[in-house]
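Residue numbers are given in my numbering: position 168 of the sequence shown equals residue 187, and the series is strictly consecutive. Heads up: the structure comes next, in structure tokens.
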Amino acid sequence: MGGATARFVKIEEAVEIPEGVEVEIEGGRIRVRGPKGEVSRDFSHARGVSISLEGRKVVVRSYMGKSRERALVYTIASHIRNMFTGVTRGYRYYLKIIFTHFSMSVNVEKDRVVITRFLGGQDVRVAKIMPGVKVTVKDRDIIVEGPDLEAVSQTAANIERATDVKDKDRRIFVDGIYIYKKEVIGD
């Protein structure tokens, strides 16, 4: 026996556009430009949800939606807020290079991070750098920064995953590269 699910007549979330930020909306695609760069994202897959530009606000709304559409409206609004934060301030992740016996070498080459001598091995491990992301290596720290939160976090995850240790006891083999801090630049 199924119970009746509630329908919301109108679900709406408005996101204020910060000063110095330009927004373009074409269909379900939104492009945001600001002092730190440009971020674009496609929300056309979100059926039943419309995104519009009204003055200095981006309005995400749905009519006659259920809880799924309600969650989608607030999720899209949150992604748009993250885009605004990224183009005005930017995101930064810090990773720590940790090794015990064998020192590893970490270098940035074009669109990838190259890790050599991991656990004393001869193999070369490679992590992809997502477009629009800047990676710098200083001593035993790696700094990943950029305007797109998804691209910055994916790049940091790629670097961390490149040094996964398989079939060994993680309590003993602690070598690797680990994310230890995430921040919005300027906080």
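Glycine is no exception: its CB is placed at the ideal position from the N, C-alpha and C atoms.
Looking at residue i: is its Cβ nearer than 8 Å to the Cβ of residue j?
i	j	result
Ile148	Asp130	yes
Phe103	Ile36	yes
Arg80	Glu31	yes
Val68	Val58	no
Ile178	Ile161	yes
Val34	Ala96	yes
Please report the Cβ distance between residue i and residue j, rounded to the nearest whole angstrom; I am assuming they are in contact, meaning their Cβ atoms lie under 8 Å.
i	j	result
His98	Arg60	7 Å
Ile204	Tyr93	With a Cβ gap of about 25 Å, Ile204 and Tyr93 do not count as contacting.
Ile117	Val125	Not confirmed; about 11 Å, so no contact.
Phe27	Gly84	5 Å
Any idea what DSSP makes of residue i, helix, strand or coil?
i	result
Glu38	coil
Val79	strand
Gly165	strand
Thr119	coil
Val68	coil
Tyr113	strand
Ile196	strand
Ala146	strand
Arg136	coil
Ala170	helix
Ala25	coil
Arg100	helix
From the DSSP secondary-structure annotation, give me the bridge partner or partners of residue i.
i	result
Asp61	Arg48
Lys201	Tyr112
Asp153	Contrary to the premise, residue 153 reads as Lys rather than Asp in this sequence. Paired residue(s): Glu164.
Run the proximity test for residue i: is its beta-carbon closer than 7 Å to any non-hydrogen atom belonging to the ligand NAD?
i	result
Val152	With respect to the ligand NAD, the structure offers nothing, as it holds no ligand at all.
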